[in-house]
Structures are given as structure tokens and as C-alpha cells.
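Everything on this sheet refers to the single structure shown next.
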Amino acid sequence: MKIARQLRDTNIAEYLLYMWQLEDTLRAYGCDADRVRDEYVSRFELTADERQQEVQWLSDLCQMMREEDVVTHGHLQMNRGTLSLLTDLHLQLLQSPKHPFYSAAYYKALPFIVELRAKSGRTDQPELENCFEALYGVMLLRLQQKPLSKETQEAMTHISHLLALLADAWRKEKAGELEM
Numbered sequence: 206m207k208i209a210r211q212l213r214d215t216n217i218a219e220y221l222l223y224m225w226q227l228e229d230t231l232r233a234y235g236c237d238a239d240r241v242r243d244e245y246v247s248r249f250e251l252t253a254d255e256r257q258q259e260v261q262w263l264s265d266l267c268q269m270m271r272e273e274d275v276v277t278h279g280h281l282q283m284n285r286g287t288l289s290l291l292t293d294l295h296l297q298l299l300q301s302p303k304h305p306f307y308s309a310a311y312y313k314a315l316p317f318i319v320e321l322r323a324k325s326g327r328t329d330q331p332e333l334e335n336c337f338e339a340l341y342g343v344m345l346l347r348l349q350q351k352p353l354s355k356e357t358q359e360a361m362t363h364i365s366h367l368l369a370l371l372a373d374a375w376r377k378e379k380a381g382e383l384e385m
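Per the working numbering, residue 206 is the first one in the sequence shown, and the count goes up by one each step.
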């Protein structure tokens, strides 16, 4: 909970990836709050109060996953909502003449986005979702210590840069510092 809060305030892109990873972690424990408490939370050095808050938060997430029927796949509504808000900001930035660096980063990443969409067959979802899925996939490959092709590394460089600019714009917008 503490990490999620910090990331939400500092880097929305990392927050979303963290929340997707947390969804997968909870799936690995069968969205069983007792298992999450006993086998997952117990590994962390937390005060009794922090442990209680973490267990409650993760239990609530497990319940939400069951209620929203995303126990085996998919994302929680709150995470889909975050992605939707990011997509709205992305489109605003592309339309704004005040953000040429963002537009330039987008057009540099676009060929890779198009290729990702074609390979995945998921052309019906927002481009940003394709970008986040690609980054998440690369993160999983790195955790498994699997090599990345040069093409994948190049694509991720451009996509990561685009998402970093978007995350910075999100932070500025939340602080009231973003001009459109």
C-alpha cells in the first residue's frame, strides 16, 4: 500500500505497472487473503500496524478482484480507470501545440506501437495499453533473466521514453503546472 501510494504520487506509469504486478501476485495466491497474509505479507519487515494495514489493503484488492471477475486475467476497474485517464491525457498532449517533445516522442515510438498491436492482435485496445503490456512483458522477462532482442530493446527505449514523458505530464497536471 505504501509503495503504491508513493508511486501514484511520483510516477503514474510505474504505479500502473506495480498494480498489474500486484494483481498477478494476488492471482498466484489464488486471491486467498489468508494465504496472502501468511505467505506473502509475512515476508516483509513491517510494524504490527503496517502489517495490519497491508493485509487489509491486499484483502480488499482480493475481494475486488473476485467481485470484478479478474481472478484469472484482466485488470481491476481502478487500474483500467487509471489507464483511461492516462489515455485522455495522452490524446490531449498530442493535440496541444505546447507539447512538441511529447508528439515527437510519440511519433518515434509509433512504428513500434503499430508492430506491437499487429503482433498481439489487440488493435481494439488503446495504444497506451499496448505500450504498458509490452513494458510489463519485458519486466517479466527480465525477472526470469531471459534475453531481449535488439529490436525489443530499441522498441522499449522509445516506448519507455514516451511513457516517462506522459508520467511527468501527469505529475505536472496533478500539481496544476501543466499548460495545454
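From the three backbone atoms N, C-alpha and C, an ideal C-beta is built for every residue, glycine too.
Residues near residue i by beta carbon distance below 7 Å, same chain, minus five either side
i      : result
Cys236 : Cys267, Met270, Arg271, Val276
Arg242 : Val260
Leu251 : Glu259
Met206 : Gln258, Glu259, Trp262
Leu346 : Leu353
Selection from the options that minimises the alpha carbon distance to residue i
i      : options                        : result
Cys213 : Gly381, Ala372, Met385, Leu383 : What sits at residue 213 in the sequence shown is Arg, not Cys. Minimum Cα distance to Arg213 is reached at Ala372.
Ile208 : Glu255, Met361, Thr328, His295 : Glu255
Ala218 : Arg248, Leu348, Ala339         : Ala339
Tyr312 : Met283, Leu368, Leu263, Met344 : Leu368
Glu320 : Glu356, Asn216, Arg232, Gly381 : Glu356
His278 : Leu290, Glu228, Leu353         : Glu228
Alpha helix (DSSP H) segment containing residue i, residue limits
i      : result
Lys313 : 305-325
Gly286 : 282-300
Phe337 : 332-348
Tyr223 : 217-233
Glu259 : 253-272
Thr328 : No alpha helix (DSSP H) holds Thr328; DSSP gives it neither H nor E.
Thr277 : No alpha helix (DSSP H) contains Thr277, which DSSP labels as neither H nor E.
Cutoff 8 Å; reference residue i; Cβ partners in own chain excluding five residues on either side
i      : result
Leu294 : Leu371, Ala374, Trp375, Glu378
Arg240 : Tyr234
Phe337 : Ala218, Leu221, Leu222, Trp225, Leu288, Leu368
Arg322 : Thr328, Glu332, Asn335
Beta-carbon proximity check, residue i vs residue j, cutoff 8 Å
i      : j      : result
Leu288 : Leu333 : yes
His366 : Ala309 : no
Supposed close pair residue i, residue j - CB separation, criterion 8 Å
i      : j      : result
Met361 : Ser301 : In fact, because the Cβ distance is near 26 Å, the residues do not count as touching under 8 Å.
Asn284 : Met344 : At roughly 15 Å, the Cβ-Cβ gap does not stay under 8 Å, so Asn284 and Met344 are not in contact.
Thr230 : Tyr245 : 7 Å
His363 : Phe317 : 6 Å
Leu298 : His304 : 5 Å
Beta-carbon contacts of residue i that lie in its chain and below 6 Å, excluding the five residues immediately before and after
i      : result
Thr292 : Pro331, Leu333
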